[in-house]
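The structure appears right after this line, and notes come after that.
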Amino acid sequence: MKLKKLLILFFLIISTLYLFSCGPNEPSDSPELVPIPGYQHDIPWPSLANTAWPMYRHDPQLTGRSPYAGPVAGVITKTVPAPYMTSSIIIGYNSTIIYTYLGNLAACNFNGIELWKLNLTSEISSTPLINSDSTIYVTTGSLNSLVAVSITGELKWEYKFETEAWSFSVAIGKDKNIYLVLGGKMVVLNTLGELIWELDDNQFNGSYYSGISFSPDGNQLYCQGNDVSLIAVNIKSRSIAWSFGDQKLESGAVIDNDGNVYILPNTIRGDKFLYCLYPDGNIKWKFEHELVIRANNIEPAIDYKGNIIFGREIIYSLNYRGELNWKYDLGDNKLKSSIIVDSNNDIYLGTSIDYNRLKIISMNIDGQINWELPITTETALGLTFTINSNNELLVPTYDSNNFIIIN
């Protein structure tokens, strides 16, 4: 009995010492994770389809950043018939490829076999967008409408506008509403195709190249202006929060995880800057470049380390503080499609000297060439590339015959 009591006392002492040795203030053996300055992560957007590439430039911040690695070999593995494409490619669930050509909205499987097509009888300029319910939205240009289409290709509804519906992209808020800027007016529709609200202001630029991006919390959106470079709209108050600049902005604003806004205005007046703006519209920093910017659809990209990559005849990489990492001179070539990046921070872009001398280039994070691929079978490259979950690069063309899949 005495031995039993001693054993119980012994175990009580050991247990007490163990508890005190593992107290809450004791440092852990595991190293504490310190956030990397400028590091970016994928912003959750529940209203958008959770696919490899559900909209123009991948996400509502227009980062052009894929959560998947891109191709390593730089070899064409497939060409898919798609004459006279005028928009970019998106990815639906089950790796379905969704694209437009000759007035058709179409879908094919990952082998390039067409699943369906819906003739909309109008040139389609906007890249389709697919939401979390697998509804596809696209504008119809001269038919003045936005259409909603099921994932099997049936028309769900059509909303008619008072003006032509030319736009690079369709935007979706966290509230599931669809946002467009057309004819100097912002229009907001719900998932049933009903008008929720609109904002009429002559500052809005409703041209062909208009695009919308969102703040990370979804409470503010950004679009190109008419006499100003950029307009910020407060979604809750349904009013213009601020505007910035006086030079034409022909590519969309790109947003980082902290809500900073990156724009690359037209250089026709002589000023040559990439701007980084705080969410309130004040300048955080600006970087002077050597580019001639008179083209649309050349948005910057932001990689996972927070580097900003942009260019035209020269490709620049800046860190999140606006300091130059490197620059790469394209020589006689010029950027013809907006830059995208993959999960390894590799860079993909399309260049041309003229319609018949096209090239796809992959670069690493340090600006060194991974591979170059001349394109001799098509006449022009399209808006922006797409990366799917099979690590393939999907390259749209413009006024040509096929789109290209590269591995």
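For any residue, its number in my numbering is found by taking its place in the sequence shown, counting from 1, and adding 13.
Glycine included, each C-beta is placed from N, C-alpha and C at the ideal position.
Owing to the predicted nature of the structure, the values given are computational and were not obtained by experimental measurement.
message = For residue 184 and residue 191, what's the separation of their Cα atoms in angstroms?
response = In a straight line, the C-alpha of residue 184 is about 6 Å away from that of residue 191.
request  = Answer yes or no: do residue 226 and residue 268 have a C-beta to C-beta separation smaller than 7 Å?
outcome  = Going by C-beta atoms, residue 226 is nearer than 7 Å to residue 268.
task = Could you say which of 389, 326, 314 and 329 lies nearest to residue 352 if we only look at CA atoms?
result = Comparing Cα positions, the closest option is 314.
query = By Cβ distance, which residues of its chain are closer than 6 Å to residue 261, with the 5 residues on each side in sequence left out?
reply = 279
task = Using three-state DSSP, classify residue 107 as helix, strand or coil.
result = helix
Any non-hydrogen atom of the ligand COA within 6 Å of residue 112 CB = Absence of the ligand COA from the depicted structure is noted, as is the absence of any ligand whatsoever, leaving it without description.
ask   = How is residue 170 classed by DSSP in three states: helix, strand or coil?
value = strand
message = Quick check on this structure: which residue in 141, 69 and 255 has the alpha carbon closest to the alpha carbon of residue 506?
response = The requested residue 506 does not occur in the structure, where the chain is confined to residues 14 to 420.
Residue 304 versus residue 325: straight-line alpha-carbon distance, rounded = 6 Å
request  = Could you please give the first and the last residue of the uninterrupted beta strand (DSSP E) stretch that includes residue 237?
outcome  = 233–237
ask   = Per DSSP, residue 82 forms a beta bridge with which residues?
value = For residue 82, which the question treats as bridged, DSSP gives no partner whatsoever.
key: Segment contact, 8 Å Cβ cut-off, at least three pairs: the segment 176–183 with the segment 149–160   = yes
inquiry  = Taking the beta carbon of residue 203 as the centre, do at least 16 other beta carbons fall within 10 Å, making it buried, or is it exposed?
reply    = exposed
ask   = Taking C-beta to C-beta, are residue 142 and residue 68 nearer than 7 Å?
value = yes
key: Range of the contiguous beta strand (DSSP E) that encloses residue 94   = 89–94
ask   = Which first and last residues belong to the beta strand (DSSP E) in which residue 385 is found?
value = Unbroken beta strand (DSSP E) run through residue 385: 382–388.
key: Local Cβ density within 10 Å of residue 371, reported as buried at 16 or more and exposed below that   = buried
request  = Look up residue 51 in the DSSP assignment and say whether it is helix, strand or coil.
outcome  = coil
query = Measuring CA to CA, which of 401, 395 and 205 is closest to residue 415?
reply = 395
Cβ pair residue 277, residue 323 closer than 7 Å = yes
key: DSSP state of residue 210 mapped onto helix, strand, coil   = strand
Straight-line Cα distance separating residue 405 from residue 106 = 16 Å
task = Would you mind sorting residue 102 into buried or exposed? The rule is 16 or more other CB atoms within 10 Å of its CB.
result = buried
Unbroken stretches of the alpha helix (DSSP H), 4 residues or longer, contained in the segment 336–387 = Scanning the segment 336–387 for uninterrupted alpha helix (DSSP H) segments of 4 residues or longer gives nothing; none is fully contained.
key: Spatial distance of residue 122 from residue 111 (CA atoms)   = 9 Å
ask   = Between the C-alpha atoms of residue 282 and residue 50, what's the straight-line distance to the nearest angstrom?
value = 35 Å
message = Runs of 3 residues minimum, wholly inside the segment 231–301: which ones carry the beta strand (DSSP E) assignment?
response = Counting only runs of 3 or more, we get 233–237, 243–247, 252–257, 274–276, 286–290 and 296–301.
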